[in-house]
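Working notes for the structure below.
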DNA sequence: TATGTACTCTTTAGCTTCTAAGTCTTCAGA
DNA sequence: TCTGAAGACTTAGAAGCTAAAGAGTACATA
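Chains as they are written, first to last, in our numbering: chain A, 2 to 183; chain B, 2 to 183.
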């Protein structure tokens, strides 16, 4: 285990001040938003990781469980669809499914109507783990947002989805400029 | 390279609707905020990763460059401080520095005043890469936020730092409940 | 001065997880 | 029936990590 003590991350404001010293053309307000977003997400992922670890599942497991649950009952997908969905090669997906079968989270069997295909199906235990993880996550999320008024929640949701739309319909090229893809 | 075509991620609203079907106790507004945060961050990280890849540096390199720049001139740190800062073991740090020395991004030399220690120092080339990456990142960030009014930017920055403060001073325990650490 | 101890970094061995490339099986169409 | 395409698995190997052992240096203390 890596030792994290002794050399603390600078606070958000310290970091922005340092950036301004090292890089002239910096809008501190933009940087504050972007850095806070990044940090907030990092902390939240640490929290989620701890919670799923307490359930004995890795974040790799979690991704697969999520994809299967989102596919809806009867919670079945083929390995290659899962691989595409998660951005893995089929080989990596094979290994990941091996592990999850051993852990009892999913089953793997041939599709009898087309024996080239394989069906990965969520077990009741896998679904239970997903439900438990969701339960813990929603408690955490509720407490995280508890100080926000209803108006603030509405406004925050609206602004974030606006930013998300913008980043989903555009990606930066080599020069760092947003360019429409469609 | 993994194939991502053909099995698209559900839209944010589709995903939340699916969550509600599978998990009763879900506040859709909370979930929308949290999911948008996660997606936004993921897309941004993809964008940053593309930009730094265009400069020929990995995200591992980027973390080290950032830590050294933030330490301020003369941009020097010891391997163990870097390791603690980045959450790596000293062994992993040794390997990472090996690579970066080979890439010309940093130098490594003994501290002559205390020959137990080693000094990792940013090269002008390493600093140039950091500056170039920052230039691209700020252009991207500016365009990302360009539709937000000054009031919206202020409000967003304020809300995000509030959430960040909350998550930094509390971490969930096994039950998913936020509990103060200090 | 000598020596034990602590500190810092590196080396070694091994693990995990990924990719690329090749193989096997099955199905569809000429 | 033959052939090609598609899906999943196997194998080989790369990358990056950890833990633990090792080597070199500094320092306190007898």
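Every residue, glycine too, gets a C-beta built ideally from N, C-alpha and C.
Just so it is clear, the structure is predicted and the values come from calculations on it, not from any experiment.
Span of the beta strand (DSSP E), counted from its first residue to its last, around residue i
i             : result
residue 58/A  : First-last for residue 58/A: undefined, no H or E at that position.
residue 108/A : 107-111
residue 121/B : 119-123
The ligand NAD heavy atom lying under 7 angstroms from the CB of residue i
i            : result
residue 55/A : This structure simply doesn't include the ligand NAD, nor any ligand for that matter.
Proximal chain B residues relative to residue i, where beta-carbon distance stays under 7 angstroms
i             : result
residue 163/A : 148
residue 42/A  : 38, 39 and 42
residue 34/A  : 146, 154, 157, 158 and 161
Spatial distance of residue i from residue j (CA atoms)
i             : j             : result
residue 1/B   : residue 129/B : For chain B, the structure presents residues 2 to 183; residue 1/B sits outside this window and is missing.
residue 135/A : residue 88/B  : 28 angstroms
residue 68/B  : residue 147/A : 33 angstroms
residue 181/A : residue 11/B  : Low confidence applies to residue 181/A: its pLDDT is 34, below 50, so where it sits in the model is not reliable, and the reading given next is rough at best. Using only the alpha carbons, I get a separation of about 21 angstroms.
residue 57/B  : residue 65/B  : 14 angstroms
residue 145/B : residue 31/B  : 23 angstroms
residue 93/A  : residue 25/A  : 44 angstroms
residue 133/B : residue 120/B : 24 angstroms
residue 170/B : residue 142/A : 15 angstroms
residue 116/A : residue 137/A : 39 angstroms
residue 16/B  : residue 151/B : 31 angstroms
residue 99/B  : residue 21/A  : 30 angstroms
residue 82/A  : residue 8/B   : 6 angstroms
residue 154/A : residue 127/A : 32 angstroms
residue 75/B  : residue 124/B : 10 angstroms
residue 131/B : residue 42/A  : 23 angstroms
residue 167/A : residue 158/A : 14 angstroms
residue 114/B : residue 101/B : 24 angstroms
residue 122/A : residue 109/B : 52 angstroms
residue 54/A  : residue 95/B  : 28 angstroms
residue 78/A  : residue 33/A  : 41 angstroms
residue 71/A  : residue 27/A  : 41 angstroms
residue 184/B : residue 29/B  : Limits of chain B in this structure are 2 at one end and 183 at the other, which puts residue 184/B out of reach.
residue 86/A  : residue 97/A  : 14 angstroms
residue 23/B  : residue 45/A  : 22 angstroms
Terminal residues of the alpha helix (DSSP H) in which residue i lies
i             : result
residue 160/A : 151-169
residue 23/B  : 13-23
residue 102/B : 91-103
residue 116/A : Here residue 116/A belongs to no alpha helix (DSSP H), and DSSP marks it neither H nor E.
residue 81/A  : 80-87
Interface partners of residue i on chain B, CB under 9 angstroms
i            : result
residue 50/A : Residues of chain B passing the Cβ test: none, with the nearest at roughly 11 angstroms.
residue 19/A : 70, 71, 72 and 73
residue 11/A : 71
residue 53/A : Here the premise fails: no neighbours, minimum Cβ distance about 11 angstroms.
Exposure label - residue i; buried when at least 16 CB within 10 Å
i             : result
residue 18/A  : exposed
residue 103/B : exposed
residue 62/B  : buried
residue 118/B : exposed
residue 73/B  : exposed
residue 14/B  : exposed
residue 84/A  : buried
residue 111/B : exposed
residue 177/A : Low local confidence applies: a pLDDT of 44 at residue 177/A is under 50, so the model's placement there is unreliable, with the coordinate-based value given in what follows. Classification for residue 177/A: buried.
Contact list for residue i against chain A, beta-carbon separation under 7 angstroms
i             : result
residue 135/B : 24
residue 132/B : 24
Under 9 angstroms from the C-beta of residue i: neighbouring residues of chain A
i             : result
residue 107/B : Ordered by position in chain A, no residue passes the 9 angstroms Cβ test against residue 107/B, which lies about 16 angstroms from the chain.
residue 167/B : 144, 145, 146, 147 and 148
residue 101/B : The contacting residues do not exist; residue 101/B stays about 18 angstroms from chain A at best.
residue 95/B  : Residues of chain A passing the Cβ test: none, with the nearest at roughly 13 angstroms.
Chain A residues whose Cβ lies nearer than 8 angstroms to that of residue i
i             : result
residue 143/B : 28 and 31
residue 112/B : By Cβ distance, chain A contributes nothing, its closest Cβ being about 17 angstroms from residue 112/B, past 8 angstroms.
residue 62/B  : Correct list: empty, because the minimum Cβ distance to chain A is about 17 angstroms.
residue 124/B : The contacting residues do not exist; residue 124/B stays about 15 angstroms from chain A at best.
Across the segment 155-162 of chain A and the segment 31-44 of chain B, are there enough close Cβ pairs to call them in contact, namely three or more that are closer than 8 angstroms? Counting Cβ pairs under 8 angstroms, three or more are found: they touch.
Does the segment 46-54 of chain A come close enough to the segment 90-104 of chain A to have 3 or more Cβ pairs within less than 8 angstroms? no
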